[in-house]
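In our numbering, the protein residues as written are 1308 to 1587. Glycine included, every Cβ here is placed at the ideal spot set by N, Cα and C.
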């Protein structure tokens, strides 16, 4: 469904009626995946609403701005820290960085996830391209290797966790947070009460294992590499399937309500947790 490798929607047919559940979905092509495919029609559409209240920026411009900051950081002698989700986002980053010419390191669960994806090329847009990007990257093996990397020439490090909630990224931040020449480039949404949100709003992170606070002097940027459809794409999907009922799920209240307000001509439901809906 265009979201991450292996993601899928569900089409149920019974007694002449069709219900389609999108799951997490992305109607747009990325470096890693082709766009989601949908049925031609449905009587009931259960649709995610993660970004029901916003429009994503132009992807080519986001990539351009991201690569420019990577280059600027390396040229001033800093390391580039790229926190990314292990499944989908990390591989997307490898593909975007692939032809830039800088050494890329891959750390955390993204290493195993990348290898698993390459064993299932049927879920990828271009498995050969991802294989090349993964082979170009150097896999990081433990804390000693991380220390060695940071003593060498400036490099780009793609690592988990995407919201800075544990993982190798905190080890790197513990060593780099005072380095104003280095940068940390967030590659997606940062949920409230995560380290990623703390960094954006307060300029610091907390290592939950040691309870140490790191005031981050690194250049901090956030980029919208979302793997979810935005409001425009979700509205277009509803128009395409033309259901009688639309049920909005997987979105916070503001997002779901905003999307519901845009879906004129449909019977729209925004259920609360545990609520049951009956259809005639």
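Quick one: residues in its chain with C-beta nearer than 6 Å to the C-beta of residue i, no 5 flanking neighbours on either side, listed in chain order?
| i | result |
| --- | --- |
| residue 1326 | 1319, 1351 |
| residue 1532 | 1494, 1495 |
| residue 1430 | 1312, 1313 |
| residue 1548 | 1348, 1349, 1352 |
| residue 1380 | 1387, 1490 |
Do residue j and residue i count as a contact pair if the criterion is CB distance below 9 Å?
| i | j | result |
| --- | --- | --- |
| residue 1385 | residue 1487 | yes |
| residue 1441 | residue 1407 | no |
| residue 1469 | residue 1510 | no |
| residue 1254 | residue 1493 | Lying outside 1308 to 1587, the shown extent of the chain, residue 1254 is not represented and no answer is given. |
| residue 1472 | residue 1515 | yes |
| residue 1357 | residue 1481 | no |
| residue 1391 | residue 1540 | no |
| residue 1405 | residue 1372 | no |
| residue 1397 | residue 1420 | yes |
| residue 1465 | residue 1411 | yes |
| residue 1525 | residue 1374 | no |
| residue 1363 | residue 1537 | yes |
| residue 1553 | residue 1565 | no |
Since residue i sits in a beta bridge, which residues does DSSP pair it with?
| i | result |
| --- | --- |
| residue 1354 | 1555 |
| residue 1493 | 1529 |
| residue 1522 | 1511 |
| residue 1466 | 1390, 1414 |
| residue 1446 | 1413 |
| residue 1537 | 1358 |
Could you pull the start and end residues of the alpha helix (DSSP H) that residue i belongs to?
| i | result |
| --- | --- |
| residue 1441 | 1434 to 1443 |
| residue 1324 | Note, residue 1324: premise wrong, no alpha helix (DSSP H); beta strand (DSSP E) at 1324 to 1328. |
| residue 1452 | 1449 to 1458 |
| residue 1574 | Where residue 1574 is concerned, there is no enclosing alpha helix (DSSP H), although the beta strand (DSSP E) it sits in stretches over 1574 to 1576. |
| residue 1476 | 1475 to 1483 |
| residue 1569 | 1560 to 1569 |
| residue 1399 | 1396 to 1404 |
What are the start and end residues of the beta strand (DSSP E) that includes residue i?
| i | result |
| --- | --- |
| residue 1320 | 1317 to 1321 |
| residue 1381 | Per DSSP, residue 1381 belongs to no beta strand (DSSP E); it is in the alpha helix (DSSP H), 1366 to 1382. |
In chain order, what residues of the same chain lie with their CB nearer than 8 Å to the CB of residue i, ignoring the 5 residues before and after it?
| i | result |
| --- | --- |
| residue 1370 | 1403 |
| residue 1341 | 1309, 1432 |
| residue 1535 | 1310, 1331, 1332, 1333, 1355, 1357, 1358 |
Can you list, in chain order, the residues of its chain whose CB lies under 7 Å from that of residue i, leaving out five sequence neighbours each side?
| i | result |
| --- | --- |
| residue 1328 | 1316, 1317, 1353 |
| residue 1569 | 1538, 1542 |
| residue 1578 | 1554, 1584 |
Mind checking if residue i is an interface residue toward chain B, Cβ cutoff 9 Å exclusive?
| i | result |
| --- | --- |
| residue 1457 | The chain inventory of the structure shown lacks chain B, comprising one protein chain alone. |
Determine, using beta-carbon pairs with one atom in the stretch 1455 to 1464 and one in the stretch 1334 to 1348, whether at least three such pairs fall under 8 Å.
-> no
Using 8 Å as the Cβ pair cut-off and three pairs as the minimum, do the stretch 1381 to 1397 and the stretch 1558 to 1576 touch? no
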